[in-house]
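Trainee:
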Amino acid sequence: MQITKLGIGAWAMGGNMWGPQDDAESTAAIRHAIDSGINWIDTAAVYGNGHSEAVIGEALTGLAADARPLVFTKGGIVRDENGQNPRRIGERGHLRQELENSLKRLKVEVIDLYQMHWPSDDVPLEDYWATLLELKAEGKVRHVGLSNHDEEQLARAEAMGHVETLQPPFSMIRRDSAAKILPWCAEHGTGVICYSPMQAGLLTGAMTAERVAAMPDNDWRKQNPEFQGDRLKANLALAESLKPIAAKHGTSVSSVALAWCHAWPGLTGTIVGARSPAQVDGWVDAASLELDAGDIEEIAQAIAATGAGQGPVRA
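Given below as structure tokens:
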């Protein structure tokens with residue numbers, strides 16, 4: 001697959017873990033992203049317990065074949081109706097049924113990329129990876145990958161059949177993947193599409209402690225350590241330090257955060273969430289933004305000075 005550097009992330013479109021979300025705004029965001037040149041969208045069956053996939057299915061209905069984006073989804077997690085109590089299920093029959101349900105909600109005959117969302121709680125990796133390879137061989141999915149798996153798990157899967165893609169978390173704040181996972185993927189020809197490159201809004205330049213305090217109780221970020229106490233202060237300070245770099249390039253803090261991710265060897269693209277067309281406009285220019293060596297060094301120094309996050313700071 002030839003994918004654009006940026007892809008639309010549809011977790012928030014599910015609505016049940018990010019506070020209320022308007023489906024019409026979600027649809028408008030998807031259409032606007034496509035019109036802006038983005039050619040893929042990533043979701044999961046568990047986002048809104050199928051609602052995110054259903055919104056995508058409706059948004060893509062009626063689009064000409066040559067205008068439709070590639071559709072990526074994930075299986076293997078079940079949550080309760082409030083988005084809580086996740087169970088990671090890798091049993092063969094369950095995954096096959098999840099896929100059939102995803103096909104119906106997305107209104108497609110084949111899924112472009114199907115990913116195992118997390119390592120399973122109930123079956124070995126070899127079992128659920130065998131199921132995904134079966135689904136590809138049967139033509140139900142075009143490509144298969146893993147999400148939230150480490151290099152040891154990747155190696156075990158690769159021994160059975162090529163891991164075409166990996167979806168790890170990666171941002172200026174959560175930099176762990178740069179140590180071993182990105183090099184492993186580069187060495188083995190595994191594409192990497194990272195999620196939360198703006199750390200769920202912390203690296204947009206628009207997040208504040210007041211906004212965090214006012215988040216709805218069902219917004220998962222309210223309970224996340226990166227949105228609390230000293231870590232929140234450090235993360236907001238890091239975002240503030242990006243503003244001069246954004247001004248230098250005539251762009252947004254969000255786009256700087258994304259371009260920083262794109263600068264790492266082994267990274268193919270970033271999954272970027274959006275709730276509205278205006279949010280898409282806030283970062284879409286990151287596809288062509290290239291940070292220079294001075295910018296990269298300035299960001300490394302800002303990370304050190306604020307103490308934000310963990311992991312390597314330079315490629």
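Going by UniProt numbering, the letters in the sequence shown line up with residues 1 to 315, in that order. Just so it is clear, CB atoms sit at the ideal spot from N, CA and C, and this is done for glycine as well.
1) Mind pulling the beta strand (DSSP E) runs of 3 or more residues that sit fully within the segment 83 to 170?
2) Using the three-state DSSP reduction, which class does residue 217 fall into: helix, strand or coil?
3) For residue 45, which residues in the same chain have their Cβ closer than 6 Å to its Cβ, ignoring the five residues on either side in sequence?
4) In the DSSP assignment, find the beta strand (DSSP E) that holds residue 9 and state where it starts and stops.
5) Short of 7 Å in beta carbon distance, which residues of its chain neighbour residue 58, apart from the five on each side in sequence? Order them along the chain.
6) Three or more C-beta pairs closer than 8 Å, one from the segment 136 to 144 and one from the segment 104 to 117: is that the case here?
7) Quick one: what does DSSP say residue 40 is sitting in, helix, strand or coil?
8) Would the segment 217 to 231 and the segment 182 to 192 be scored as touching if the rule is three or more Cβ pairs under 8 Å?
9) Please classify residue 84: is it buried, with 16 or more other beta-carbons within 10 angstroms of its beta-carbon, or exposed?
10) Would the segment 276 to 284 count as touching the segment 296 to 309 if we require 3 or more Cβ pairs under 8 Å?
11) Is it the case that the segment 250 to 270 contacts the segment 196 to 213, given that we only count it when at least three CB pairs across the two stretches are under 8 Å?
12) Nearest-angstrom Cα distance between residue 95 and residue 305?
13) Can you look up residue 46 in the DSSP assignment and give me helix, strand or coil?
14) Just reading off the beta strand (DSSP E) that residue 71 is part of, what are its end residues?
15) Less than 8 Å between the CB atoms is what I'm expecting for residue 7 and residue 193, so what's the real figure, rounded?
16) Find the nearest neighbour of residue 154 within the set 191, 288, 241, 3, judged by alpha-carbon distance.
17) So is residue 234 buried or exposed if we call it buried at 16+ other beta carbons inside 10 Å?
18) In three-state DSSP terms, what is residue 14?
19) Below 8 Å on the Cβ atoms is my guess for residue 205 versus residue 239; work out the distance and round it to an integer in Å.
20) Let me check one thing: in DSSP terms, what residues is residue 398 bridge-paired to?
21) Roughly how many whole angstroms lie between the Cα atoms of residue 268 and residue 73?
22) Could you give the C-beta distance for residue 91 and residue 123, rounded to a whole number, given that I count them as a contact under 8 Å?
23) Leaving out the 5 sequence neighbours to the left and right, which residues in its chain are closer than 6 Å to residue 105 when beta-carbon positions are compared?
24) Could you give the C-beta distance for residue 249 and residue 289, rounded to a whole number, given that I count them as a contact under 8 Å?
25) Mind checking residue 48: buried by the 16 CB within 10 Å criterion, or exposed?
26) Less than 7 Å between C-beta atoms, sequence neighbours within five positions excluded: which residues of the same chain meet that for residue 251?
27) Is the beta carbon of residue 156 closer than 7 Å to that of residue 132?
28) Which partner residues does residue 228 have in the DSSP bridge list?
29) Please classify residue 2: is it buried, with 16 or more other beta-carbons within 10 angstroms of its beta-carbon, or exposed?
30) Taking the straight line between their C-alpha atoms, what separation do you get for residue 121 and residue 88?
Mentor: Let's see:
1) Secondary structure within the segment 83 to 170: the beta strand (DSSP E) runs of 3 or more consecutive residues, fully enclosed, are 111 to 116, 141 to 147, 165 to 167 (chain order).
2) If DSSP states are grouped into helix, strand and coil, residue 217 belongs with coil.
3) 75, 98, 102.
4) It spans 6 to 9 - the beta strand (DSSP E) in which residue 9 sits, taken as one unbroken run.
5) Beyond the five residues adjoining it in sequence on each side, residue 58 comes within less than 7 Å, by CB distance, of 27 in the same chain, given in chain order.
6) By the Cβ rule, the segment 136 to 144 counts as touching the segment 104 to 117, because three or more pairs are nearer than 8 Å.
7) Strand.
8) No: the two stretches stay apart, fewer than three of their Cβ pairs being nearer than 8 Å.
9) With fewer than 16 neighbouring CB atoms inside 10 Å of its own CB, residue 84 falls in the exposed class.
10) Segments in contact, no.
11) Judged by pairs of C-beta atoms under 8 Å, the segment 196 to 213 touches the segment 250 to 270, as three or more such pairs exist.
12) C-alpha separation (whole angstroms): 45 Å.
13) Correct three-state label for residue 46: coil.
14) First-last of the beta strand (DSSP E) with residue 71: 70 to 75.
15) Contact between residue 7 and residue 193 holds, since their C-beta atoms are separated by about 6 Å, short of 8 Å.
16) The shortest C-alpha separation from residue 154 is found at 191.
17) Counting Cβ neighbours within 10 Å, residue 234 comes out buried, since at least 16 surround it.
18) DSSP places residue 14 in helix when its eight states are reduced to three.
19) The distance from the Cβ of residue 205 to that of residue 239 is about 5 Å, consistent with a contact at the 8 Å cut-off.
20) Because the chain in this structure spans residues 1 to 315, residue 398 falls outside the shown range and cannot be described.
21) Looking at the backbone, the Cα of residue 268 and that of residue 73 are separated by about 17 Å.
22) Residue 123 and residue 91 do touch by the CB rule: their CB atoms are close to 6 Å apart, below 8 Å.
23) Closer than 6 Å at the Cβ level, and outside the excluded window around residue 105, lie 50, 53, 54, 57.
24) The C-beta distance from residue 249 to residue 289 rounds to 6 Å, short enough to fall under 8 Å.
25) It is buried - the Cβ of residue 48 has at least 16 other Cβ atoms within 10 Å.
26) The beta carbon of residue 251 sits closer than 7 Å to those of 285, 289, all from its chain and outside the five residues before and after it, given in chain order.
27) With a cutoff of 7 Å on beta-carbon distance, residue 132 and residue 156 are scored as not near each other.
28) In DSSP, residue 228 forms no bridge with anything.
29) Exposed.
30) A direct Cα-to-Cα measurement between residue 121 and residue 88 gives close to 5 Å.
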